[in-house]
Amino acid sequence: MQTNASLSASQPCLPPHLYLELSTALRGDIYVRGTTNFDNHTKMFNGDIKIKSLAVVCPSDVQSVSRVILFCRKHTLSLSVKAGGYGTAGWAVCGDIIMDLIRFNQIEVETPTTTGGFTSIRDVPPPGSKGKGRVDPLVTDRDWTGRHRRENARQSTSSLASQTVENFLHPERDTSPGSRRSVGTTSPGVPFPFASRAAVPQVSRGLPVSNRRGPAPNNNNNTITSARPTSPMASRGSCASHPTRGISSPSPPVSRPEPSSIIDADPFGYLEEGFGNQHPTIPSTSRLAQSIPNSLFASPTFLNSSQNILTYATPIHSQAYITFGAGMRQKDIDQFSAANPLEAFSLSGGCGAVPYYVPFAAHPVGSAVMLLGGFGFLGRLHGLSVDNLVEAEVVLADGRIVIASEKEHPDLWWALRGAGSAFGIVTRYKALAYPVPVVFAGNLIYRFHRATAPSLIRHFRDCVKGAPRELYANVLLTAGPAGQDSLVVIQMCYIGPKIKGNEFLQAISSWDGERCLLNEVDEKSFLHQQDSVAQVLRGKAGNKWFIRSALISSLPDDIISKTVMQFAETPVGCTWLFELAGGAITNASGSCLPKSQRAAAFNVTALHQWDIDFEDPRCITSAEEWLFGTLAPVTIGGPLPSVSVSLNNNSEVVAQSYYQFLGRQEPPSRVIACFGENWARLAQVKKTYDPTNFFKNSLWPLNDKGELVPPREHEPEHIRF
23 MQTNASLSAS
33 QPCLPPHLYL
43 ELSTALRGDI
53 YVRGTTNFDN
63 HTKMFNGDIK
73 IKSLAVVCPS
83 DVQSVSRVIL
93 FCRKHTLSLS
103 VKAGGYGTAG
113 WAVCGDIIMD
123 LIRFNQIEVE
133 TPTTTGGFTS
143 IRDVPPPGSK
153 GKGRVDPLVT
163 DRDWTGRHRR
173 ENARQSTSSL
183 ASQTVENFLH
193 PERDTSPGSR
203 RSVGTTSPGV
213 PFPFASRAAV
223 PQVSRGLPVS
233 NRRGPAPNNN
243 NNTITSARPT
253 SPMASRGSCA
263 SHPTRGISSP
273 SPPVSRPEPS
283 SIIDADPFGY
293 LEEGFGNQHP
303 TIPSTSRLAQ
313 SIPNSLFASP
323 TFLNSSQNIL
333 TYATPIHSQA
343 YITFGAGMRQ
353 KDIDQFSAAN
363 PLEAFSLSGG
373 CGAVPYYVPF
383 AAHPVGSAVM
393 LLGGFGFLGR
403 LHGLSVDNLV
413 EAEVVLADGR
423 IVIASEKEHP
433 DLWWALRGAG
443 SAFGIVTRYK
453 ALAYPVPVVF
463 AGNLIYRFHR
473 ATAPSLIRHF
483 RDCVKGAPRE
493 LYANVLLTAG
503 PAGQDSLVVI
513 QMCYIGPKIK
523 GNEFLQAISS
533 WDGERCLLNE
543 VDEKSFLHQQ
553 DSVAQVLRGK
563 AGNKWFIRSA
573 LISSLPDDII
583 SKTVMQFAET
593 PVGCTWLFEL
603 AGGAITNASG
613 SCLPKSQRAA
623 AFNVTALHQW
633 DIDFEDPRCI
643 TSAEEWLFGT
653 LAPVTIGGPL
663 PSVSVSLNNN
673 SEVVAQSYYQ
683 FLGRQEPPSR
693 VIACFGENWA
703 RLAQVKKTYD
713 PTNFFKNSLW
723 PLNDKGELVP
733 PREHEPEHIR
743 F
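Each residue of the sequence shown is one higher than the last, beginning at 23 in the working numbering.
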């Protein structure tokens, strides 16, 4: 029998006898090295990764996940797990065998039961099964044919966040009438047309997202016409009670944009397996957020109301539950939420509908954010993603399939929410979702000048001090349009209407040290807002990425001044972010993320990207010097400025951050610092559930003997670092 080491070194792909054994056990697909599908399934957010894996498996059910684990253990093969491909460290593609969870694409929404509870995952039929109720743990039929992600509904692109911002950041793009789709005539004061409302949702059990496509243009020449929105419940005389299972909408034909236009619009579109069966571009609506199907508005007379707030629908339920497979990415789930609102009451009479959203980090993230932190626009109001997970279906290192929750496997449940990828493979999630009828959100963009930027950042800091939980805000220092000055971008997102959020915009925009180049803050759908960070980052396919993050207790004037001076010397492609923390994040408990981190005032992040062939050590050192030098006095835990990306077993805890920002080549001390006072307990739970460290291709910084290991032992080789 060949050992794992000799097998990996001598074979370009999985040997035939192992391929046969694995294919017999697996319900799904296997792609070996050298095939197009192998290349597609190993694409990552970070282009600076060498793939040495033997094969990719795409299981279609949880039993197959278990069998793949047992197969790998039997043949001493390492396993890595991919659920989106957005991580920069490359853990997802580091194993001899890569498991892509893309087939787990079922999703459904339910309202709370009469007692406020929910239907357990064990009572929800998994993908491929029939009927309701508890499902037999052994699935024996093998007539399944896999679907690729390209058969899923196409993601709305980052340009949906704001066409105004897109035009500002990309002035070189041709938007003449001859090169783009006609969008119809707009009303005065409204930059973009309103899409027609979709039909009333039909009640059914939750289906894979591939069967939940959004609206298409209603004629044959791809012209979107302006139409007054109609409430999905408007034709009913009274509000019907809502079912507690999944909702789906009819699936009209979908237009197929040209691939080149998709690539231009979506900086992360290269992670798609293909461009077929895609959503048409939904124009960003700056006033009323009515471009999404089954939108939030209770009354067809909304446009005629002088007090728009009076016609917003009032949610019937304060929360709902969304169950989704691990193959669903944040944007998949957000699109489902937008297309499947729940019934609500209107203050102006009649019935309406409101979409419910899971608190995710902004695009682009995969489902694993539910295990690894997850700070997004809803975070200050509802907590991190991990705080809103209520149940998970987990496959353990010994192949057992368990349901983890507050009542079942409580130690595993505690560890999953913050370090989950090191403890098992989660195949299905159940999470809380909250009504978000509308957000008042957008960007204020200023030119970056060394002389004035410190004043602007101080002004931002003072404006958001003591802000309510409904307000999310950040300030970014980032590159400008090609060949132009760098920018200071302030992003705000008030979870509510303009009438309530406008006071914060007025305060922030009152700074007069520089002319504001662009102010496009207005009422929007939350679906559009989720793309705003990706739009500003402007990622490029195949770039190298380096991300570092820290939590700080305050933002004093001297650190602001030093930050501005340092950023002025960074290479092009660097983005530095100050993100207002606090709010509901500070109150949550019961996960392995410690209270000390949750008390931070700001989350601070350096996001650096550069061309794969570009060599400049400042792309790395500038981030390290800023976070571990300049910010050291206010970093929670007190980092040592001498610590760099290389391993130093004698170093103290150097920084603390939510795991969602852990990147490549992280020293073990920095990983351990993420869990602070909870580390000792976390290590003990690891010994209980994964004593041999089978899930080593993860953040976990120890080997099976409990010894610290350098990042290179559980990360793939990087092309150039």
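Cβ coordinates follow ideal geometry from the N, Cα and C atoms, glycine included.
None of these values were measured; they are calculated from a predicted model.
- Here the alpha carbons of residue 482 and residue 535 stand approximately 12 angstroms from one another.
- Secondary structure in the stretch 448 to 492: the alpha helix (DSSP H) runs of 4 residues or longer, each lying completely within the stretch, are 475 to 486 in chain order.
- Around the beta-carbon of residue 617, fewer than 16 other beta-carbon atoms lie within 10 Å, marking it exposed.
- Rounded to whole angstroms, the separation of the alpha carbons of residue 556 and residue 577 is 25 angstroms.
- Per DSSP, residue 81 is one residue of the beta strand (DSSP E) stretching across 77 to 81.
- For the stretch 634 to 660, the continuous alpha helix (DSSP H) assignments of 4+ residues that do not extend past its boundaries occur at 640 to 647, in sequence order.
- The shortest C-alpha to C-alpha distance from residue 599 to any of 649, 125, 729 and 613 is the one to 649.
- Secondary structure at residue 351: coil, using DSSP grouped into helix, strand and coil.
- Per DSSP, reduced to three states, the secondary structure at residue 596 is strand.
- For residue 566, the beta-bridge partners assigned by DSSP are 632.
- Each residue's CA atom was taken as its position, placing residue 53 and residue 568 some 29 angstroms apart.
- In this structure, the straight-line span from the alpha carbon of residue 98 to that of residue 551 is close to 45 angstroms.
- Secondary structure of residue 410 (DSSP, three-state): helix.
- Contact check for residue 690 against residue 730 passes: the beta carbons are separated by less than 7 angstroms.
- Rounded to whole angstroms, residue 395 and residue 705 show a C-alpha spacing of 18 angstroms.
- Annotation for residue 582: 476, 479 and 480 place their beta carbon closer than 7 angstroms to its own, counting only its chain and skipping 5 residues before and after.
- Residue 642 has its alpha-carbon roughly 18 angstroms from the corresponding atom of residue 584.
- Our two residues, residue 120 and residue 608, have alpha carbons roughly 36 angstroms apart in a direct line.
- Looking at the backbone, the Cα of residue 429 and that of residue 64 are separated by about 36 angstroms.
- The alpha carbon of residue 371 has as its nearest neighbour, out of 486, 335 and 631, the alpha carbon of 335.
- Residue 465 holds the alpha-carbon nearest to the alpha-carbon of residue 539 among 587, 411, 526 and 465.
- Relative to residue 615, the option among 397, 346 and 342 whose CA is nearest is 397.
- In the three-state reduction of the DSSP assignment, residue 601 falls in the strand class, which pools E and B.
- Annotation: the continuous beta strand (DSSP E) that includes residue 337 extends over 335 to 337.
- Per DSSP, the unbroken beta strand (DSSP E) holding residue 538 starts and ends at 538 to 541.
- Taking all protein chains in view, the Cβ of residue 46 is surrounded by fewer than 16 other Cβ atoms within 10 Å, so the residue is classified as exposed.
- By the Cβ criterion, the stretch 439 to 451 is in contact with the stretch 713 to 724, since at least three pairs of Cβ atoms, one from each stretch, lie closer than 8 angstroms.
- CA-CA distance, residue 537 to residue 497, rounds to 16 angstroms.
- In the DSSP assignment, residue 523 falls within the unbroken alpha helix (DSSP H) covering 520 to 530.
- Counting the other Cβ atoms within 10 Å of the Cβ of residue 566 gives 16 or more, which makes it buried.
- Your pair residue 344 and residue 558 does not check out as a contact, with CB atoms roughly 27 angstroms apart and the cut at 8 angstroms.
- Listed in chain order, the non-local C-beta contacts of residue 43 below 6 angstroms within the same chain number zero, local neighbours out to five positions each way being set aside.
- Excluding the 5 residues flanking it on each side, residue 376 has same chain C-beta neighbours closer than 7 angstroms at 318, 335, 337, 363, 364, 366, 457 and 459, in chain order.
- Residue 588 sits in a helix when the DSSP states are folded into three classes.
- Within 10 angstroms of the beta-carbon of residue 186 lie 16 or more other beta-carbons, which makes it buried.
- In the DSSP annotation of this structure, the continuous segment of the beta strand (DSSP E) that includes residue 129 starts and ends at 129 to 132.
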